[in-house]
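J.: What follows is a single structure, and I will ask about it in a moment.
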Amino acid sequence: MVTVLKHGVTDEQIENLCKWFKTRGLDVHISKGHYQTIIGLIGDTKKIDTELLESLEIVETVKIISEPFKNANRKFHPDDTVIDVDGVKIGGGNFALIAGPCSVESEEQIIEVAEKVKAAGAHILRGGAFKPRTSPYDFQGLKEEGIKLLIKAKKVTGLPIITEIMNANHLDLFADVDIIQVGARNMQNFDLLKELGKTNKPILLKRGHANDLKEFLMSAEYIMAGGNERIILCERGIRTFEKYTRNTLDISAVPMLHELSHLPVVVDPSHSGGMARLVKPLSLSAAAAGADGLMIEVHNDPSHALCDGAQSLTPEQFKEVADKVKKIIEVTSK
Ligand code: PEP
Ligand code: MN
899 MVTVLKHGVT
909 DEQIENLCKW
919 FKTRGLDVHI
929 SKGHYQTIIG
939 LIGDTKKIDT
949 ELLESLEIVE
959 TVKIISEPFK
969 NANRKFHPDD
979 TVIDVDGVKI
989 GGGNFALIAG
999 PCSVESEEQI
1009 IEVAEKVKAA
1019 GAHILRGGAF
1029 KPRTSPYDFQ
1039 GLKEEGIKLL
1049 IKAKKVTGLP
1059 IITEIMNANH
1069 LDLFADVDII
1079 QVGARNMQNF
1089 DLLKELGKTN
1099 KPILLKRGHA
1109 NDLKEFLMSA
1119 EYIMAGGNER
1129 IILCERGIRT
1139 FEKYTRNTLD
1149 ISAVPMLHEL
1159 SHLPVVVDPS
1169 HSGGMARLVK
1179 PLSLSAAAAG
1189 ADGLMIEVHN
1199 DPSHALCDGA
1209 QSLTPEQFKE
1219 VADKVKKIIE
1229 VTSK
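So the sequence shown is numbered by my numbering: it starts at 899 and just counts up by one.
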């Protein structure tokens, strides 16, 4: 349920109303916009007499939110959420380019890629340390050592870093990581999501291979229910009957997620198509569809990559994509 307050209500009036909601056992979420203040209510709102609430002098209107996701809902928070990662902003008209290898493989590799993607226009460096591989016999990542190498690359380039967590027991290792990624395979690992809800780190949540948007937003809700509201949604392609591409990029998810939620939406064109030559067209379409950023796999030597070489761009190819994406943003931004 959402209570929209009249223009000009005082902080004291808001506080008193919130106290009253809390005595009814409800959690409140206050969103102060330029013109109006909205109080979102979470919990068993059946206890509230909506007619009585609407009759209060300070209340403009009361809306019932039918969707099961509340904190992530745009009705709770009409303005776009902007996530600030060490000065790099994502969302609300701020476009971020995240680039780097699928996996961190060595110090030379990650530093070379970090320097080159930065020169090409990337704002954030990605690199997997804990890798969720389909086969247990495939390279599983450098783990703790991989995170240390990412931190070195951050020191050298100044780029904030993002890497994937697979197990909440590893959280201590992520203390100096700027954004924690939850991969597609763990989108519904609810225990992991709950633990991330207790942190104050930005979380990039990837959509599961076979999850619809409601399920995706409910996973964001799990993190937000714990108090961490710094979520970036990532569309990375879903599994369909199509076999020519690794996954199918659900481009309509971008405007639909923007409609449903205030959280920023980025697109991963690398895992979507699974082929380097598809990264440019998918990136351009994602930017045109209103994505708040892109996460692109870039490797210094894709044909020898330990993971996802076929979909990795060289730094030179990444530069070409980044330059074209900038042009799309120039024409589509308001
Ligand atoms: C990744 O980003 O390296 C990754 C494993 O992605 P996804 O979870 O989307 O498969
Ligand atoms: Mn990958």
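Note that the Cβ used here is the ideal one computed from N, Cα and C, for glycine as well.
1) How is Arg1137 classed by DSSP in three states: helix, strand or coil?
2) Under a Cβ-count criterion, where at least 16 other Cβ atoms within 10 Å of its own Cβ denotes burial, should Phe1088 be classed as buried or exposed?
3) Buried or exposed, going by whether 16 or more other CB atoms sit within 10 Å of the CB of Pro966?
4) On a Cα-Cα basis, can you pick out the residue from Leu939, Gly998, Ile962 that is closest to Pro1213?
5) Taking 7 angstroms as the cut-off, is the C-beta of Cys1205 nearer than that to any heavy atom in the ligand MN?
6) Using the Cα positions of Met1064 and Ile1149, report the straight-line distance between them to the nearest angstrom.
7) Which partner residues of Arg1024 appear in the DSSP bridge assignment?
8) Using 8 angstroms as the threshold, is the C-beta distance between Lys859 and Gly1056 below it?
9) How would you write the range of the beta strand (DSSP E) that His939 sits in, first residue to last?
10) In chain order, what are the residue ranges of uninterrupted alpha helix (DSSP H) at least 4 long that sit wholly in the stretch 916-978?
11) So, does the CB of Lys920 fall closer than 8 angstroms to a CB anywhere in chain C?
12) With a 10 Å radius around its C-beta and 16 neighbouring C-beta atoms as the bar for buried, classify Pro1153 as buried or exposed.
13) Taking its Cβ as the centre, do 16 or more other Cβ atoms sit within 10 Å of Val1164, making it buried, or is it exposed?
14) What I want to know is whether the C-beta of His927 ends up closer than 7 angstroms to one or more non-hydrogen atoms of the ligand MN.
15) Under a three-way DSSP split, which group does Leu914 fall into?
16) Using DSSP's beta-bridge definition, name the partner residues of Ile981.
17) How many angstroms separate the CA atom of Ile1077 from the CA atom of Thr979?
18) Got a sec, what are the start and stop residues for the alpha helix (DSSP H) Lys1052 sits in?
19) Taking Cβ positions, are His975 and Gln934 nearer each other than 8 angstroms?
20) Using only CA atoms, which one of Leu1091, Glu949, Leu1211 lies nearest to Val960?
21) Can you list, in chain order, the residues of its chain whose CB lies under 8 angstroms from that of Ser1183, leaving out five sequence neighbours each side?
22) Select from Gly1188, Thr1032, Leu1071 the residue whose C-alpha is nearest the C-alpha of Gly991.
23) Quick check for students: name the residue ranges of the beta strand (DSSP E) that lie wholly in the stretch 1097-1165, counting only runs of 3 or more.
24) Please classify Phe1139 as buried or exposed, where buried requires at least 16 other C-beta atoms within 10 Å of its C-beta.
25) Just to confirm before moving on: does the CB-CB distance between His1156 and Ile1136 stay below 8 angstroms?
26) From this set, Lys1224, Phe1216, Arg1105, which residue's C-alpha is nearest Ala1012's C-alpha?
27) Quick check on the burial criterion: 16 or more other C-beta atoms within 10 angstroms. Buried or exposed for Lys1224?
28) Quick check on the burial criterion: 16 or more other C-beta atoms within 10 angstroms. Buried or exposed for Glu1133?
29) Taking 8 angstroms as the threshold, find out whether the stretch 940-955 comes into contact with the stretch 914-924 through three or more Cβ pairs.
30) On the criterion of 16 or more Cβ atoms from any shown chain inside 10 Å, does Ser1168 qualify as buried, or is it exposed?
T.: By the coordinates alone:
1) coil
2) exposed
3) exposed
4) Gly998
5) yes
6) 27 angstroms
7) Ile1060
8) With the chain represented from 899 up to 1232, any question about residue 859 goes unanswered, as that position is not in the structure.
9) According to the sequence displayed, residue 939 carries Leu and not His. 935-940 is the span of the beta strand (DSSP E), which, as asked, contains Leu939.
10) 948-953
11) Checking the listed chains, one finds no chain C in this structure; it contains a single protein chain.
12) exposed
13) buried
14) no
15) For the sequence presented, residue 914 should be read as Asn rather than Leu. DSSP places Asn914 in helix when its eight states are reduced to three.
16) Ile988
17) 16 angstroms
18) 1042-1055
19) no
20) Glu949
21) Leu1147, Ile1149
22) Gly1188
23) 1101-1104, 1129-1133, 1163-1165
24) exposed
25) no
26) Phe1216
27) exposed
28) buried
29) yes
30) buried
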